[in-house]
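Structure record follows, encoded as structure tokens.
In the numbering used here, the protein residues as written are 658 to 795.
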């Protein structure tokens, strides 16, 4: 009995230890995606991209951009925005949003959702690379 109990405890611990922490991303109250702690990005349950620790951003296996250490955001080789250290997000020089330390995400002054637990640059990057980018057809 003790062996069975120990075996079950070990299996439970391994299951929880190997689980990847992830954060849902919301827009206007609806879940639009998920970012895992390792940078994997999911939309509608499908893996669509990845944020790498070096700043590179991949979509469907192809490098599409970069978030530099200073917060500059590049789509291909074009600088399209900036994520400042205070959480302000700029697109082509205009402030479009804010990612607060508590995870609240604002777009054009309206709270559109919450995402906490992963790098705030990745949360803002989600909107640059996997949301806004798709809305305008890039």
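Even for Gly, the Cβ is constructed at its ideal location relative to N, Cα and C. Keep in mind the model is a prediction, meaning the values are calculated, not measured.
Which residue marks the beginning of the beta strand (DSSP E) containing residue i, and which one marks its end?
i, result
"residue 702", "No beta strand (DSSP E) contains residue 702, which DSSP labels as neither H nor E."
"residue 682", "679 to 684"
Given that a residue counts as buried once 16 or more other Cβ atoms are within 10 Å of its Cβ, and exposed if not, what is residue i?
i, result
"residue 707", "buried"
"residue 777", "buried"
"residue 670", "In this predicted model, residue 670 has a pLDDT of only 39, less than 50, meaning its place in the structure is not dependable; the value taken from the coordinates is given anyway. So residue 670 ends up on the exposed side."
"residue 686", "exposed"
"residue 739", "buried"
"residue 787", "buried"
"residue 718", "exposed"
"residue 782", "buried"
"residue 779", "buried"
"residue 754", "buried"
"residue 766", "exposed"
Provide the residue(s) that pair with residue i in DSSP beta bridges, ordered along the chain.
i, result
"residue 690", "682"
"residue 768", "763"
"residue 780", "DSSP lists no partner for residue 780."
"residue 604", "For residue 604 there is no data in the structure shown, the boundaries of the chain being 658 and 795."
Let me check understanding here. Comparing Cα to Cα, which of the options lies closest to residue i?
i, options, result
"residue 757", "744, 748, 749, 782", "744"
"residue 785", "742, 726, 736", "736"
"residue 725", "709, 682, 718", "709"
"residue 733", "741, 727, 720", "720"
"residue 716", "727, 729, 696", "696"
"residue 749", "713, 689, 729", "729"
"residue 713", "723, 704, 764", "723"
Ranges of the beta strand (DSSP E) found wholly within the region 706 to 744, counting only runs of at least 3: Listed in chain order, the complete beta strand (DSSP E) runs (minimum 3 residues) inside the region 706 to 744 are 713 to 716, 719 to 724, 729 to 732, 735 to 740.
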